[in-house]
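Chemist: Those sequence lines, one after another, are chains H, P and Y.
First residue of the first sequence? That's 1 in my numbering, and the numbers climb one at a time after it.
First residue of the second sequence? That's 1001 in my numbering, and the numbers climb one at a time after it.
First residue of the third sequence? That's 2001 in my numbering, and the numbers climb one at a time after it.
Glycine residues also receive a C-beta, built at the ideal position from the N, C-alpha and C atoms.
Questions regarding the structure given below will be posed in turn.
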Amino acid sequence: MAGALMLLVFLAGCTGGILEPQGPIGAANTKIIYNALAIMLVVVLPTIVATLAFAWWFRRGNPRAQYRPDWVYSGRIELLVWAIPLLVITFLGGVIWIGSHKLDPYKAILSQSKPTEVQVVSLDWKWLFIYPDQGIASVNELVVPAGMPVHFSLTSATVMNSFFVPQLGSMIATMNGMVTQLNLQADQPGDYYGQSVQFSGDGFSGMHFTVHAVPEDEFAQWLERARNAPSALDRSGYVALLQESQNVRPFTYRAVEPGLFAAIATQQIPPGPGPSGGSGGVSVRPSGAK
Amino acid sequence: MSTTETLPFTTAPSIDPYKLGHDGRRRRPDDGGAGRDYSTGHGEGGPASKRVIVAYGFWIFLLSDIVMFSAFFAAHAVLRSATAGGPSGHELFDPRSVAIETSCLLLSSFTCGLSAVAASVRSQLWTQLSLLITGILGLAFLAFEARDFMTMIAQGAGPQRSAFLSSFFSVVGLHGMHVSAGLLWLGTMMAQVFVKGFRAVIMRRLLCFNLFWHVLDIIWIALFTIVYLMGEGL
Amino acid sequence: MLGKLTWNAIPWDQPIPLVAGSAVFSIAIAVVAWVVLKGHLPYLWREWITSVDHKRIGIMYMMLGLVMLVRGFVDAIMMRSQQALAFHAPGYLPPEHYNQIFSAHGTIMIFFAAMPLMIGLMNFAVPLQLGARDVAFPTLNSTSFWLTATGALLVNLSLVIGEFARTGWLPYPPLSETTYTPGVGVDYYLWALLISGVGTLMTGINFVTTILKIRAPGMGYLRMSMFCWTALAANLLIVAAFPILTATLGMLTLDRYLGFHFFTNEAGGNMMMFINLIWAWGHPEVYILVLPAFGVFSEVISTFSRRPLFNYRSMVMATMAICLISFVVWLHHFFTMGAGADVNATFGITTTIIAVATGVKIFNWLFTMYGGRISFATPMLWSLGFLVTFVIGGMTGVLLAVPPADFQLHNSLFLVAHFHNVIIGGVLFAGFAGLTYWFPKAFGFRLHEGWGKAAFWLSLAGFYVVFVPLYATGLLGMTRRLQHYDVALWYPWLLAASFGIVIMACAAACQVMQIVVSIRHREELRDETGDPWNGRSLEWATLSPPPAFNFAVLPKVHGEEPYWDMKRRAIETQQLPAEPEYEPVAMPRNSPTGFITAFFATITGFGLIWQIWWLVGIGLFFAYATFVWFAWRDVEEYVIPAHEVARIDRERRRVHDEWLQQDLRHHREPA
């Protein structure tokens, strides 16, 4: 009961995270969460009430309750008991099928504007965002134009990670040697918290980034500022980035070597190295490895 | 797995367990009044006989082992084309060697079956002989397989070369490990049969060994088909 | 000479594991010293360590599970307190340490707390309920237990010698490959689970054979108790799923030790394959945990409502449906890996189908209570707590089965709250319900009700105060496994959750007190009749504790609820059935095989972890030698003579006759 109360208080007063979506994908996902929850509560709440009611009414000390020691089967109840869950899941099945297709991360967002392309690489332990059309890159900071769709192509430099901006919508895994895709849109300008949600090692907790959704003109200004950044991202710069580092402050690159993302994704640039050694003595490389 | 009546060496030891060296029908100390004839373990008759229980349990173990092999087969299906620029099965497999290995194993299954027949008529000589030949054929199988592995490794096509080769060496190697463990068991069984004769417990173990050896053969057929034959075609 | 092992393996510079390790080591030495000096060792060796009696093995499993539950709980306390402190701060646990703690927490809780608790209950009760004398393979049973203990020992050794895995309780590659995790931590994990996995698989084989082939005369499949049905389903799952775990962990071991490329980034390895294979095991695993729990609740709810289980056949169907369907839902653990809408939707739908079967069971339990005469003893309280808590957990599970919902909630604290909801509400509550329910049968005296009720209420409250805030933080976007965070929105909830863990710690203390107080006051709590709860199934027909052979004469079974029938018939005919013909009973001899094999397995495992190859050789050689030595024994059974069987059974008949006379005298309500 305390738990239920807390939940109600929370739902009434709290906002943020996925409960306050700022984009169409997030809004649609969250709507499905609420709908599915509502459908199930229709069954779950009466079940909980019935549990407590039956337990109380049929307690040993209650002389008014009818004791039925031999009643072990009822066709009607059996029908009900299978039918109710089946009906619920039939409905949910529809939600699942339609929702999964409509909200497939790979599905483009219908919009007047052409999507902004961002290529994402998860490293140990920071995020690299390459803007191939604009020719710049950014680390641990994602700036996107508000009100316009963004199409992400994602890969990983080392281990599996997962790209997630709770207020904008779905997450997707990043894996070395493969490219996954995601389509998101921020409706309003604002700052949104982003994080890796697949545990990736000691620096995992610091692997968050901010998404700045800005009006188009501000976006253009940011691009200009980025083009005046000190360094350019070429292969050697990328290899330097591959070295393990944590809690990296956001910075930008003024230029990106063309085809860098493709080289990373197809392993032309090999995956990043790991740590020098964990505790427990010298780490032994098996003979003939790689 | 028929009922207890047809097999003489099925019942539990008698009231005096320290009398050794003879078997045959023993009066079960306690069967709950169900009667021997109905103890198939299908609920109505009470607990099954020891032979049925042991064989059934061993079958369940074999099924679990097949599941483990299935996981490796599944991995092989996924990694079949992951040659990472290295050699593929077509370039590496020696069909002659594989044919010899297959014949050795199939023949060894036959001699293993012969040993079961010999044991059922309590012939120490023929049981030991057929078990010995089974063992020799098994060793021959392993020798050829080891030679294949060595050749491949010498060519630079060891399991560290690519995911396909890792998977190949693992699934074939897992089977080889089972054969090796089987040979160890075989040696132990030969010693036990020699020292203890054809007691009920020994007969149950021989039955289990037979099942194990035949199932290894079946898995080899699957392996041979999926890994070698289909790998050739790739 | 000693492989990778050096003095640096001991965490001299880390106070927490050093102090904890020293404390545990000292306590262990003290306990062993007390046992030896008081002369209890021969008794322990003879009656417990080498025992192949399913009742003893069941009790040892429960003890292992409870001890490891405390160990895992300590990890949980550390995690909650770290997260309560680590807002804009580093907390007191650096990432290298914190990451080991949450990995150890999950591994220990699932493999060495929850599994042993459920397997312990099954070991103790299933042969008794089947009217059998023991399981199909008693020495194998002992070996299973000791191999599980080996795994637990190895995991705990990692605290003080080396480190544990830092990859989470399922070590996803490529993080778990040597490139990114070169230390021995993942190796400890791998060998502990490979070794104890063999033990669990053998348990599965043992129980499937026992339940299908060793039942009392007249006990057809549809006359078995519900606990036996769920035990059958769970053990079928063990047989079918654990080999996949062995194979997958084996592949990762090959990658790490021999440079294979199953899951590496380079040379064609496929990390997604690990995730598929491990969850093909992982999902059946959670049903292996929860099905026996369901069985316990069927027994308890039926007994304490004084009614037969409602709609038994439907329950059996639902159980076997869960058993089957659990193999076709595994992808719901990684909807966000990008399999595409068709695949995601299909697995989402299969997951909801499995929820139907569970829903059917819940309703059947409700209708078992309906029309009953419910007494709220501690086991029944745990069951009511389960009914309320588990449906919430199940609901959030079905919610997560909807891929668009999962796209926002995967790997968040909402997910963590969901699975703790079902594991604590289901498996843990069942563990304590079963413990309290069958304790009198195992030891001859009941557990103290007051402390038990306190433990229950504090557990229930503590659970909600910890996990409702975690549901909240998950909805607010917080992911799992964070060692520190900067989002102010989450902080108050995490503080609340740490308060909840204090409540749960009090609950744990009450549970310990219950056991201590009960042992102290065992004479007052003694159960003379063997049937303290007015039970309905066969285990209550024996004295408490039952004799080694369980039943002097295997009972003839005429319907469901055989013991209830026996009692009813005795009351109707106003007498016990005639004294049977007593015959000698052959029982399996004790054997040190299990213990010694596990000892050498520990040595082998340790050698493999630290790459001390000569130690591995020794361990394997002697493990095989033990097996051969065991196989060489001439005498497998010992015989209990007929007069001894008669003496014990006459005592039972005397007790039952006393009960019957009392009952007839007082005209106690016949049901």
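Listed from N- to C-terminal order along the chain, which residues in the stretch 233–261 of chain H have their beta-carbon within a distance smaller than 7 Å of any beta-carbon of chain Y?
Modeler: Going along the stretch 233–261 of chain H in chain order, one finds no residue with a Cβ nearer than 7 Å to chain Y.
Chemist: Less than 9 Å between CB atoms is the rule here; does A1075/P satisfy it with respect to chain Y?
Modeler: Closer than 9 Å to some Cβ of chain Y, the Cβ of A1075/P qualifies, so yes.
Chemist: State yes or no: is the beta carbon of V121/H nearer than 9 Å to at least one beta carbon in chain Y?
Modeler: So, not an interface residue.
Chemist: Residues of chain H with CB closer than 8 Å to the CB of L2476/Y, please, in chain order.
Modeler: By Cβ distance, chain H contributes C14, G16, G17, I18, L19 and P166.
Chemist: What are the boundary residues of the beta strand (DSSP E) that includes V2672/Y?
Modeler: The first residue shown for chain Y is 2001 and the last is 2671, placing residue 2672/Y beyond what the model contains.
Chemist: Does H2643/Y have its Cβ less than 9 Å from a Cβ in chain H?
Modeler: Chain H, which has no Cβ nearer than 9 Å to the Cβ of H2643/Y, makes this no.
Chemist: Between the alpha carbons of G2003/Y and F219/H, how many angstroms are there, rounded?
Modeler: In a straight line, the C-alpha of G2003/Y is about 58 Å away from that of F219/H.
Chemist: Looking only at its chain, what residues have a beta carbon closer than 7 Å to the beta carbon of H1945/Y, apart from the 5 residues adjacent to it on each side?
Modeler: With chain Y covering 2001 to 2671 only, the question about residue 1945/Y has no answer from this structure.
Chemist: With H, G and I counted as helix, E and B as strand and the rest as coil, what does DSSP make of L103/H?
Modeler: In this structure, L103/H counts as coil in the three-state DSSP scheme.
Chemist: Can you tell me whether E1005/P is buried or exposed? The criterion is at least 16 other CB atoms within 10 Å of its CB, across all chains shown.
Modeler: Low local confidence applies: a pLDDT of 32 at E1005/P is under 50, so the model's placement there is unreliable, and no value is given.
Chemist: Assuming contact is defined by CB atoms lying nearer than 9 Å, are L1137/P and C1104/P in contact in what I supplied?
Modeler: Yes.
Chemist: Starting from the C-beta of T2150/Y, find all residues in its chain whose C-beta is less than 6 Å away, skip the five residues before and the five after it, and write them out in chain order.
Modeler: Closer than 6 Å at Cβ, skipping near neighbours: I2195, A2598, A2601 and T2602.
Chemist: Less than 8 Å between the CB atoms is what I'm expecting for K2055/Y and F2124/Y, so what's the real figure, rounded?
Modeler: Confirmed, about 6 Å.
Chemist: Helix, strand or coil for L184/H, going by three-state DSSP, please let me know.
Modeler: In the structure shown, L184/H sits in a strand (DSSP, three-state: E or B).
Chemist: Quick check on D2531/Y: buried or exposed, where buried means 16 or more other Cβ atoms within 10 Å of its Cβ?
Modeler: Result: buried.
Chemist: Quick one: Cα of R1025/P to Cα of G2348/Y, how far?
Modeler: Residue placement at R1025/P is poorly supported in this model, since its pLDDT is 40, which falls under 50; the coordinates still yield a value, given next. C-alpha separation (whole angstroms): 57 Å.
Chemist: Could you tell me whether any Cβ in chain H is nearer than 9 Å to the Cβ of R2653/Y?
Modeler: Not closer than 9 Å to any Cβ of chain H, the Cβ of R2653/Y fails to qualify, so no.
Chemist: Assign F1194/P to buried or exposed, taking buried as 16 or more other Cβ atoms, counted over all protein chains shown, within 10 Å of its Cβ.
Modeler: That one is exposed.
Chemist: Could you list which residues in chain P have their beta carbon closer than 7 Å to that of V2052/Y, in chain order?
Modeler: The premise fails here: V2052/Y is roughly 15 Å from chain P at the closest Cβ pair, so nothing lies under 7 Å.
Chemist: Once you ignore the five residues that flank V1098/P on each side, which residues in its own chain have a CB closer than 7 Å to its CB?
Modeler: Excluding positions up to five away in sequence, the list reads F1224 and Y1228.
Chemist: How close, in whole Å, do the beta carbons of T2230/Y and V2135/Y come, if the pair is a contact with beta carbons under 8 Å?
Modeler: Not confirmed; about 17 Å, so no contact.
Chemist: Terminal residues of the continuous alpha helix (DSSP H) containing H2656/Y?
Modeler: It spans A2642 to H2666 - the alpha helix (DSSP H) in which H2656/Y sits, taken as one unbroken run.
Chemist: Using 8 Å as the Cβ pair cut-off and three pairs as the minimum, do the stretch 128–136 of chain H and the stretch 236–254 of chain H touch?
Modeler: As far as the Cβ criterion goes, the stretch 128–136 of chain H touches the stretch 236–254 of chain H, which means the pair count is three or higher.
Chemist: Considering H2521/Y, what are the terminal residues of the alpha helix (DSSP H) in which it resides?
Modeler: Run containing H2521/Y: none; DSSP gives neither H nor E here.
Chemist: What residues from the stretch 103–114 of chain H come within 9 Å of chain Y, judged by C-beta to C-beta, listed N to C?
Modeler: Within the stretch 103–114 of chain H, the qualifying residues are L103, D104, P105, Y106 and K107.
Chemist: Strictly under 9 Å for the Cβ-Cβ distance: is I2077/Y near chain B by that measure?
Modeler: Absent from the structure: chain B. Protein chains present are H, P and Y.
Chemist: Can you tell me the Cβ-Cβ gap for G2218/Y and K2567/Y, rounded? I've got them flagged as a contact below 8 Å.
Modeler: So it is not a contact: roughly 17 Å between Cβ atoms.
Chemist: Please state whether DSSP places P132/H in a helix, a strand or coil.
Modeler: Of the three classes helix, strand and coil, the one that applies to P132/H here is coil, per DSSP.
Chemist: Could you work out which residues of chain Y lie near Y1056/P, taking near to mean beta carbons separated by less than 9 Å?
Modeler: Residues of chain Y passing the Cβ test: A2136, V2208, T2209, L2212 and K2213.
Chemist: Three or more C-beta pairs under 8 Å: does that hold for the stretch 2115–2123 of chain Y against the stretch 2573–2588 of chain Y?
Modeler: Output reads no: the stretch 2573–2588 of chain Y does not touch the stretch 2115–2123 of chain Y.
Chemist: From the DSSP output, in three-state form, read off Q2483/Y for me.
Modeler: Looking at Q2483/Y - three-state DSSP - the assignment turns out to be coil, as it is neither helix nor strand.
Chemist: Taking only beta-carbon positions, decide if A2734/Y is within less than 9 Å of chain H.
Modeler: Outside the modelled stretch of chain Y, which goes from 2001 to 2671, sits residue 2734/Y, for which no answer is possible.
Chemist: Determine the closest residue to A2076/Y out of H2420/Y, T2389/Y and A2009/Y, with distance taken between C-alpha atoms.
Modeler: Selected option, being the one with the closest Cα: H2420/Y.
Chemist: Kindly list, in the order they appear in chain Y, the residues whose Cβ is closer than 7 Å to that of P1087/P.
Modeler: Here the premise fails: no neighbours, minimum Cβ distance about 12 Å.
Chemist: Enumerate in chain order the residues of its own chain whose CB-to-CB distance from P1017/P is below 6 Å, with the five nearest sequence positions on each side excluded.
Modeler: A caution first: P1017/P carries a pLDDT of 31, below 50, which makes its placement in the model unreliable, though a value can still be read off. Cβ neighbours of P1017/P beyond the five flanking positions: none.
Chemist: Using a threshold of 9 Å, state whether the C-beta atoms of F2112/Y and G2185/Y are closer than that.
Modeler: In this structure, G2185/Y does not lie closer than 9 Å to F2112/Y by Cβ.
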